[in-house]
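Counted the way mature numbering (1 follows the signal peptide of the UniProt record, and there is no 0) counts, the sequence shown spans residues -30 to -1, 1 to 956. Glycine included, each C-beta is placed from N, C-alpha and C at the ideal position. Here is the structure we will look at, set down as structure tokens.
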Amino acid sequence: MASRSGQPSWKRTALLGLVSLGCLLQPAAAVKESDFKKCDHSGFCNRNRKYADNAISQGSSFISPYEIIPESASFRDGQLEAVILKTINDQEETVRLPITVSFLESGTARVTVDEERRQKKDIELRHNSRARKERYNEVEKLAIVGGLTLDSNARLAHQDKSHITVKYGPSSSFEAVIKLSPFGIEFKRDGATHVKLNDRGLLNVEHWRPKVEPAAPVHPPPDGDDQQQPLDAEPPPVETREDETSWWDEFFGGNTDTKPRGPESVALDISFVGYEHVYGIPEHASSLSLKETRGGEGQYTDPYRLYNADVFEYVLDSPMTLYGSIPFMQAHKKNSSVGVFWLNAAETWVDITKAKASSNPLAIGSKTTTNTHWMSESGLLDVFVFLGPTPHEITKDYSQLTGTTTMPQEFAIGYHQCRWNYISDDDVKDVDRRMDRYQIPYDVIWLDLEYTDDRKFFTWDAHMFKDPIAMGEKLQESKRQLVVLIDPHIKNKEGYSVFTELKANELAVRNKDDNMYDGWCWPGSSHWVDCFNPKAIEWWATLFKYDKFQGTLENTFIWNDMNEPSVFNGPEVTMPKDNLHFGGWEHRDVHNVNGMTFHNATFQALLSRKANELRRPFVLTRSFYAGSQRFGAMWTGDNQADWGHLAASLPMILNQGIAGFPFGGSDVGGFFGNPEAELLTRWYQAGAFFPFFRAHAHIDARRREPYLLSEPYRGIVTAAVRLRYSLLPAWYTAFFHAHRDGSPIVRPMFWTHPSEEAGFAVDDQLFLGSTGLLHKPVVEKDTESVDMFIPDDEVYYDYFTYRLLPTAKGKRVTVAAPLDRTGLLMRGGHIVPRRDTPRRSAQLMRFDDYTLVVAVNKAGTAEGELYVDDGDSYDYEGGQFIHRAFRLDTANGGSITSVDAQGRDTKAIQPGAWLKAMDAVHVDKVIVVGAPAAAWKNKAEVTVQSGAETWTAPVKYYAAEQGRAAFAVIGRVGARIGEDWTVKLA
Ligand code: NOJ
């Protein structure tokens, strides 16, 4: 619940709760949805939806008022430039909108539309505003890191007064057919249309116009009367034909947005011809395959909203906005994926409708076309179109633009123990000791808000944390880390050096009157560091130096929270849109990328903590945008300890992977409330398969560290965490793939099996990287089995029992999942690297030997990979890594081989300290599941050959019985993990 001032009640509870422990146990309450806008409350969303309704209701008699001037079009070096004319005022006037269509080497096309008058700053601002006059055109600088090289092979194939056709992409198989009047573009692949822009005529670029000010002053209406023009305002001039109601000052929840540039939204319809499924545009607590948003049974009535906000205890199955936004969407049908990236950082809404074949005769070969309608409040219209055709190609092309997942610190993919709050250094040491006593591995313990002195970041509560250095050193003994919270709001307090420096250097966000913006957050009155300012990033870095942020050590890392930004007394719990950022841009223009600028600043700061110390930072963020994957991990915010939120984690995390930011997870156990032991246990089992695996709890929640559970829960949770640790080599390899080409770390069925239609909407199970490990956790109470969808005709084995499952392509198979197990299958044909010795932390496992688990496929073969590096530095960029490709082959009596996966001559690499140490690391066991009796039955040993040496290793064979597959275990193999070797069966 929220107060009138907009401060959520749980936050107030938390503030008070610290003073009065008596009020800590508050019942959880769901988000007050009315604190956040629906499309109806948002002027530009409402206007564009009405525009769409009007256009659609007119059918073919509606003509979009946008046309390219034929003479303005010129094509050069992979780029088409022209001017679109928008006709207004009953054909009497036109507005000039320069358009650029760029064809990129990757095969991606980009369409950018600006407004000439604003470009030339030929507009007047209202309210004496000091904001910039242009449409915001700098999000590219923050989001895009490459892939913009123009395709010199793109060529003009046709040009006349009605159409321009450009051929581009691989072997010129892509085509953009640009219709001049009314303007529209069709994107074709191999002659077939896949994506259409403005086909439904919903393009709308709200041009600048002056406001005819009413004579009487305008007062905001009372709370709740949002969007209504004050009664005392003058009626619009008679000659104004459009409804101006929401053009100028806009009111919501007692706040007024002054809109100095008036209405300036951009909107466009994008149709995916013949595509039934669309995915992406996180972050929403919704299904992976996105729903329709214009009503209908089981569908939404509001568009998906992208406007980063602190929506605690969010509702499930909703298009409501959450903490982060990635305006990337992928459409998929059998054997074809396409996508779009809408590069705009302002508030955005996306309507989705699906037209069945009967009403859409153009959708040849497929039942449905998905129509989308994108609406952003300000900025350029800037859209990238990807033509695939595979999901993997879409992922690669998108990640060329916005970058890939940063290679993580190795510890970061282990288990994280967090709560709000570990209250003292003794508390931290106690948790650390008890995790060890119960032999539960973990890598990182987290300190939430209360470690600070009075919510002043970069300080410690000296009473509760008497010796943070000793605490950090204690953690270091078991190679563990500490993460501390640093938020973007800085307490407004004289004498607090961070505040003083922020103020003196003028590095804070400013309000519309160009004074330092003052809002309310955890510390009370606060200011916000403006990370759009390069000087602010430089200054921010100084705060993290070890001598400045005293009490931190090399094993201290950072958590960035509240960076939407959350402002308790701001409109929709965030900053006023008419606030000003560096360069004079309004907050309205940059809101969705704001969180990423802060995340980036912290990432840069950790990179430069100490001269000559170049280590990978670890920074968790709550708010994000396209490109945030370059700076660390995200989590899904303030969920609840209930089964619904556990289930919702899966589609949310899968969708993060589709949108290029796969390093994510949900608060294990649920943030609000107290999970029963069964729920907590099931959440750990699910969390062990989230890329980011962290337990967290609200300050009001009872303590729930895993060792506090009674048996059998404690043992089962311990086993789940240990399972994660034994599979860390597979996880790290999956992260490497995400880093290399943007591949999701956990993958949905449509991504791994793009031709299996029955799997396109499946979002409750996942593949871990390319390991063939298929996981489906239990997300319902009192449930002892899971029905798993099988996407192909391969064999599948139960991971825990080696049972061969009676699977069939496109069908579901029931897998036993009593409390101590989850649905975890091994797809035949994969080799999975593991480390089987349980240890206290990931780093303590660094030089352990490996186990390879081979799941034999129908053809009797299998393949797998292992990527490993020092897990800490950037030395891998200079070749200091091991990347092996393993293969089980049937030829010549059978063999298992390991070669360098990149075909390198590894002997030629000058090994650094880590690579040298890896010389002592071997393959210990090889377990062959589904081992054919003919090859293995009577085998007592195999020959291992590596370099000039040959030796034997013992084999134990277990014949198939009672549904369990046969398997063989090769004992101490003894081959060096970094070297080529062959195990010969014959
Ligand atoms: C909000 C975050 O979402 C939550 O995880 C954290 O515990 C609180 N802020 C307090 O810092």
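When burial is assigned at 16 or more other CB atoms within 10 Å of the CB, is residue i buried or exposed?
i, result
"R874", "exposed"
"F282", "buried"
"R231", "buried"
"F538", "buried"
"F817", "exposed"
"D424", "exposed"
"I33", "exposed"
"Q932", "exposed"
"H723", "buried"
"G917", "exposed"
"A146", "buried"
"S307", "buried"
"Q379", "buried"
"L858", "buried"
"D500", "buried"
"N564", "buried"
"G863", "exposed"
Return the bridge partner residues of residue i from the DSSP annotation.
i, result
"M796", "L743 and Y767"
"Q610", "F642"
"Y927", "A938"
"E556", "L550"
"W323", "Note on identity: in this sequence residue 323 is Thr, with Trp being the wrong assignment. Paired residues: N341."
"D227", "E220"
"E145", "K137 and K158"
"L452", "I415 and T526"
"K166", "E156 and S241"
"P803", "L822"
"I26", "Answer by DSSP bridge pairing: none, since I26 is not bridged."
From the DSSP output, in three-state form, read off residue i for me.
i, result
"I38", "strand"
"I628", "helix"
"H254", "coil"
"Q129", "strand"
"S495", "strand"
"R17", "helix"
"L678", "helix"
"I58", "strand"
"G565", "helix"
"H247", "strand"
"W178", "coil"
"M758", "strand"
"R(-19)", "Any reading at R(-19) needs caution, since the residue's pLDDT is 40, under 50, leaving its predicted position unreliable; the model's value is listed next. Looking at R(-19) - three-state DSSP - the assignment turns out to be helix."
"P724", "coil"
"P621", "helix"
"R96", "coil"
"D845", "helix"
"F73", "strand"
"L814", "helix"
"L955", "coil"
"V(-12)", "Bear in mind that a pLDDT of 34 at V(-12), under 50, signals an unreliable position, so the number given afterwards is only what the model happens to contain. In this structure, V(-12) counts as helix in the three-state DSSP scheme."
"A855", "strand"
"T913", "strand"
If I'm right that residue i touches residue j with Cβ under 8 Å, what's the distance once you round it to whole angstroms?
i, j, result
"L590", "A603", "5 Å"
"Q610", "G630", "Rounded, the Cβ-Cβ distance is 27 Å, inconsistent with contact."
"R66", "L55", "6 Å"
"residue 965", "I879", "Look at the range of the chain in this structure, -30 to 956, and you will see that residue 965 is not part of it."
"L814", "S578", "Wrong, their Cβ atoms sit about 28 Å apart, outside the cutoff."
"Y769", "L743", "7 Å"
"P289", "H254", "6 Å"
query: Taking the runs of the alpha helix (DSSP H) that are 4 residues or longer, which of them lie wholly in the segment 865 to 911?
result: 883 to 887 and 903 to 906
task: Jot down the residue ranges of each uninterrupted beta strand (DSSP E) in the segment 463 to 522, minimum 3 residues, whole runs only, in chain order.
output: 489 to 491 and 494 to 498, all fully within the segment 463 to 522.
query: Whole beta strand (DSSP E) runs in the segment 288 to 314 with 3 or more residues, listed along the chain?
result: 298 to 303 and 306 to 312
Minimum length 4: unbroken alpha helix (DSSP H) runs contained in the segment 345 to 422: 361 to 372 and 395 to 407
Those runs of the alpha helix (DSSP H) which lie wholly inside the segment 668 to 722 and span at least 4 residues: 683 to 696, 698 to 711 and 719 to 722
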